[in-house]
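Note that the working numbering has the sequence shown beginning at 51, numbered continuously upward.
A virtual CB, placed ideally from N, CA and C, is assigned to each residue, including glycine.
Single-structure report; data block below.
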Amino acid sequence: MITAAADGSSLANPGPAGWAWYIDDDHWDCGGWPHGTNNMGELMAVLDLLNSTAGMDEELLILCDSQYVINSLTTWLPGWKRRGWKKGDGKPVLNADLMKQLDRALQGRRVRFEWVKGHAGHPLNEAADERARAAATAHREVLDLGLEIGCGMLAHGASVSSAIRASRHAMRDLGMAEYHTDVTGNMIIVSVRGKPDGEPLTAMRVVPVGHQDFELITMLQQVASEARGKSIPDSRARIEAILGRQGRWGGLDVSLGFGAVSSAAALMFGARWIVGLLALIVAWSIHRTQVW
């Protein structure tokens, strides 16, 4: 019998999200999205575990700290299918796409689920949780790095084009499928997308005014150009050393929201500052805007 733990994580729920499954130090996997929920992460962890063990004959015991996942896959799923993926109250099933994939992946498999209490010291659960949180954090930290590099360069007198190039370069090399940086007036707007069809994660920051310091600008450009070969914590430490201050990692930046409103807000910022400000207010009203 194969025993594995599956877990998900979302830093703001919804927000940058991750998933992971863990059997032992040689057999585990994780991933994530710039925007997702904790339940999405929990479900994706089980789905990827099922797909990764599809060719094995052993029974699979999946340890979950989510009653939602266990109840969905062992109790509620047959009724949802009979009702055309609707709940008892007639509303659509949440995360239906993942549920349908899980339903297919479970067919013909010997799978049991067991609930374990999260954050209670269970070694497999703790290992999965650590990896899921790391995957979620990575997406937010890529956004943070893009902001710190671009904002730091602008604050020390770099040209707008140089700051934009360096910010985009770092985000590209840290694994984002899509990445965008724009500057208008005294604001910098950064957006990342973990996969081409995923939801974007967007944030803005007011750029402080400073005088030109060519040496610091060059050093920040070097951090951006070397992002591919360095870890995120290493890049963060180098930026802090260059700027001589603690970085604003997930601290005071404002998320504009996601999807169409976020994209429209970013475009409007590029067109006119006052229109962009109005777009920010609209995004703030429509979405649960987060101050990180």
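Next item on the list: Find out if the Cβ-Cβ distance for the pair Ile238, Val257 is shorter than 8 Å.
Entry: Taking the first residue of the sequence shown as position 1, residue 238 is located at position 188. Taking the first residue of the sequence shown as position 1, residue 257 is located at position 207. Yes; because the gap between Cβ atoms is below 8 Å, this pair is in contact.
Notebook entry, point to check: Is the number of C-beta pairs between the region 211-218 and the region 119-134 that are closer than 8 Å three or more?
Noted result: no
Next item on the list: Give a yes or no on whether 8 Å exceeds the smallest Cβ distance from Glu109 to chain C.
Entry: In the structure shown, chain C cannot be found, because there is only a single protein chain.
Notebook entry, point to check: From His85 to His230, what does the alpha carbon distance come to, in whole angstroms?
Noted result: Here residue 85 is taken as the residue at index 35 of the sequence shown, counted from 1. Here residue 230 is taken as the residue at index 180 of the sequence shown, counted from 1. C-alpha separation (whole angstroms): 16 Å.
Notebook entry, point to check: Shortest alpha-carbon distance to Asp263 belongs to which of Asp284, Asn236 and Ala205?
Noted result: In the sequence shown, counting from the first residue as 1, residue 263 sits at position 213. Closest option to Asp263, Cα to Cα, is Ala205.
Note to self: Counting C-beta neighbours from all protein chains within 10 Å, is the total for Asp232 16 or more, i.e. buried, or is it exposed?
What the structure shows: What you label residue 232 is simply residue 182 of the sequence shown in a count that begins at 1. Classification for Asp232: buried.
Notebook entry, point to check: Taking all protein chains shown into account, do 16 or more other C-beta atoms lie within 10 angstroms of the C-beta of Glu109, making it buried, or fewer, making it exposed?
Noted result: Numbered from 1 along the sequence shown, position 59 holds the residue referred to as residue 109. Exposed, by the Cβ-count rule.
Item checked: Inter-residue Cα distance where the pair is Lys167 and Asp223 -> Here the question's residue 167 lines up with position 117 in the sequence shown. Here the question's residue 223 lines up with position 173 in the sequence shown. Rounded to whole angstroms, Lys167 to Asp223 spans 37 Å at the Cα level.
Margin query: I want to know whether the region 151-160 touches the region 185-198 - three or more CB-CB distances under 8 Å.
Written below: no
Next item on the list: Round the Cβ separation of Leu93 and Ile52 to the nearest angstrom and send it over; I've been treating them as touching at under 8 Å.
Entry: Here residue 93 refers to the residue found at position 43 of the sequence shown. Here residue 52 refers to the residue found at position 2 of the sequence shown. Contact doesn't hold; Cβ gap of about 19 Å is too wide.
Margin query: Given a cut-off of 8 Å on the beta-carbon distance, is the pair Ala170 and Ala95 in contact?
Written below: Along the sequence shown, read from residue 1 onward, the residue named residue 170 stands at position 120. Along the sequence shown, read from residue 1 onward, the residue named residue 95 stands at position 45. Contact: no.
Check: Roughly how many whole angstroms lie between the Cα atoms of Glu228 and Thr252?
Finding: Sequence index remark: in the sequence shown, residue 228 carries index 178 (1-based). Sequence index remark: in the sequence shown, residue 252 carries index 202 (1-based). One C-alpha to the other measures close to 12 Å.
Note to self: So, under 8 Å CB-CB, Gly225 and Leu270 are touching, yes? Tell me the CB distance rounded to an integer number of Å.
What the structure shows: Working through the sequence shown from its first residue, we reach residue 225 at position 175. Working through the sequence shown from its first residue, we reach residue 270 at position 220. In fact, because the Cβ distance is near 20 Å, the residues do not count as touching under 8 Å.
Note to self: So, with DSSP's three-state summary, where would you put Pro64?
What the structure shows: Residue numbering aside, residue 64 sits at position 14 when the sequence shown is read from its first letter. Coil at Pro64, not helix or strand.
Note to self: Buried or exposed for Ser281, going by 16 or more other Cβ atoms inside 10 Å?
What the structure shows: Here residue 281 is taken as the residue at index 231 of the sequence shown, counted from 1. Ser281 should be labelled exposed.
Next item on the list: Please work out which residues of its chain come closer than 8 Å, Cβ to Cβ, to Arg278, disregarding the five sequence neighbours upstream and downstream, and give them in chain order.
Entry: For the purposes of this step, residue 278 is taken as the residue at position 228 of the sequence shown. Hits under 8 Å: Asp223 and Leu224.
Item checked: Thr268, buried or exposed, once every other Cβ within 10 Å from all chains shown has been counted against 16 -> By one-based count along the sequence shown, residue 268 stands at place 218. Its Cβ having fewer than 16 others within 10 Å, Thr268 is exposed.
Check: Hey, would you say Ile199 sits closer than 8 Å to Trp165, going by beta carbons?
Finding: Taking the first residue of the sequence shown as 1, we reach residue 199 at position 149. Taking the first residue of the sequence shown as 1, we reach residue 165 at position 115. It is not a contact, given that the beta carbons lie outside the stated cut-off.
Next item on the list: Jot down the residue ranges of each uninterrupted alpha helix (DSSP H) in the region 173-240, minimum 4 residues, whole runs only, in chain order.
Entry: 173-205 and 210-223
Item checked: For Trp126, the three-state DSSP class (helix, strand or coil) -> Working through the sequence shown from its first residue, we reach residue 126 at position 76. DSSP places Trp126 in helix when its eight states are reduced to three.
Next item on the list: Tell me, please, which residues DSSP counts as bridged to Pro142.
Entry: Working through the sequence shown from its first residue, we reach residue 142 at position 92. Per DSSP, Lys136.
Next item on the list: Mind listing, in chain order, the continuous beta strand (DSSP E) runs of no fewer than 3 residues lying wholly within the region 98-125?
Entry: 110-114
Notebook entry, point to check: Is it right to say Asn175 is buried, meaning 16 or more other beta carbons lie within 10 angstroms of its own, or is it exposed?
Noted result: The residue given as residue 175 occupies position 125 in the sequence shown. Result: buried.
Notebook entry, point to check: Is the distance from the Cβ of Leu195 to the Cβ of Ser285 below 8 Å?
Noted result: On the sequence shown, position 145 is the one that residue 195 refers to. On the sequence shown, position 235 is the one that residue 285 refers to. It is a contact, given that the beta carbons lie within the stated cut-off.
Margin query: Check for me: the beta strand (DSSP E) holding Arg162 runs from which residue to which?
Written below: Here residue 162 corresponds to residue number 112 of the sequence shown, with the count starting at 1. Where Arg162 is concerned, the enclosing beta strand (DSSP E) stretches over Val161 to Trp165.
Check: Anyone know if the C-beta pair for Gly294 and His261 falls short of 8 Å?
Finding: Along the sequence shown, one-based indexing puts residue 294 at 244. Along the sequence shown, one-based indexing puts residue 261 at 211. Cβ distance not < 8 Å, so Gly294 and His261 don't count as in contact.
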